[in-house]
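In this note's numbering, the protein residues as written are 217 to 491.
The beta-carbon is built from N, C-alpha and C at its ideal position, and this holds for glycine as well.
These numbers come from a predicted model, not from an experiment.
Right under this line is the structure:
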């Protein structure tokens, strides 16, 4: 009798298999799937600034998608890809030696110090870190004064601010940590015996790195590239603060359609094409 009651109780309180995933499903539905659905729906509307939401959904149209395919969009899109690809490669070239050094060349104490130095800047607001670059990159900023002291440029300084170079420098700085951390995790998990076996078989340091270490770090490289390249393509803060007209990116262009131009259908169409 007791066993029967216990079995009935277990059956009564047995949750569905997807119960543990239900909070995540709700979260992604509300904050990911639903906003994307709204963006897609808005992209077929027409601009109407007389309404609180400046989009008329009474008559659906593909006019916004036709307006997207102009020279300005493609020029900005190519500039965004160029900046993002270059910045991702720079993050990889800078981050790989740092992660390698932290994983294999220092003690546990210094590993913690290096990782803390990588993570701590992220505790500061992304916007503040970006605005801070206006000081050294200004024509009379730290960089210009250093180059003038070295007699490499004239007294007028060098104009880096409000160019694509300024965006390139800041975007590498802002996302470098997202490359270093997955690289370090991948390298730190490599069995030291595999590297030692490679050396015992006659391989030098370079051959061991390219034949053993780098292939085993492949998952970390892929994760780092995804964590940097994808958000770089949608970054609009860096381009808005430092780029100006010469350093515009597609993220800033989309943001301007929603805020300044109040053209939500066109901005939505641009966002859909970026997705």
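Grab me the residues of residue i's own chain with a C-beta within less than 6 Å of its C-beta, minus the 5 sequence neighbours each way, in chain order.
| i | result |
| --- | --- |
| residue 318 | 327, 330, 400 |
| residue 161 | In the structure displayed, the chain extends from 217 to 491; residue 161 sits before or after that span and is not available. |
| residue 483 | 470, 473, 474 |
| residue 414 | 424, 428 |
What does DSSP give as the partner residues of residue i in its beta bridges?
| i | result |
| --- | --- |
| residue 263 | 271 |
Are the beta-carbon atoms belonging to residue i and residue j less than 8 Å from one another?
| i | j | result |
| --- | --- | --- |
| residue 391 | residue 424 | no |
| residue 347 | residue 422 | no |
| residue 493 | residue 284 | Absent from the structure is residue 493, since the part of the chain shown begins at 217 and ends at 491. |
| residue 436 | residue 398 | yes |
| residue 345 | residue 337 | yes |
| residue 316 | residue 403 | yes |
| residue 388 | residue 303 | yes |
| residue 395 | residue 308 | yes |
| residue 359 | residue 376 | yes |
Among residues of its own chain, excluding the 5 on either side of residue i, which ones have a beta-carbon nearer than 7 Å to its beta-carbon?
| i | result |
| --- | --- |
| residue 270 | 263, 264, 478, 480 |
| residue 497 | Outside the shown range of the chain (217 to 491) lies residue 497, about which nothing can therefore be said. |
| residue 244 | none |
| residue 217 | Because residue 217 carries a pLDDT of 49, less than 50, the predicted location of this residue cannot be relied on, and the following value inherits that uncertainty. No residues qualify anywhere along the chain. |
| residue 386 | 346, 349, 454, 458 |
| residue 489 | 284 |
| residue 236 | none |
| residue 242 | none |
| residue 306 | 388 |
| residue 272 | 261, 262, 264 |
| residue 258 | 271, 480, 481, 484 |
Using a threshold of 7 Å, is the CB atom of residue i nearer than that to any non-hydrogen atom of the ligand COA?
| i | result |
| --- | --- |
| residue 462 | The model depicted lacks the ligand COA and carries no ligand whatsoever. |
Can you name, in chain order, every residue of its own chain whose Cβ lies under 8 Å from the Cβ of residue i, other than the five neighbours on each side?
| i | result |
| --- | --- |
| residue 378 | 458, 459, 460, 461, 462, 463 |
| residue 410 | 428, 432 |
| residue 292 | 464, 465, 466, 469 |
| residue 343 | 453, 457 |
| residue 266 | none |
If residue i sits next to residue j, beta carbons under 8 Å apart, how far is it from one beta carbon to the other, in whole angstroms?
| i | j | result |
| --- | --- | --- |
| residue 276 | residue 260 | 4 Å |
| residue 373 | residue 355 | 4 Å |
| residue 440 | residue 311 | 7 Å |
Checklist entry - Taking contact to mean at least 3 C-beta pairs separated by less than 8 Å, is the stretch 378 to 385 in contact with the stretch 452 to 466? => result Yes, they touch.
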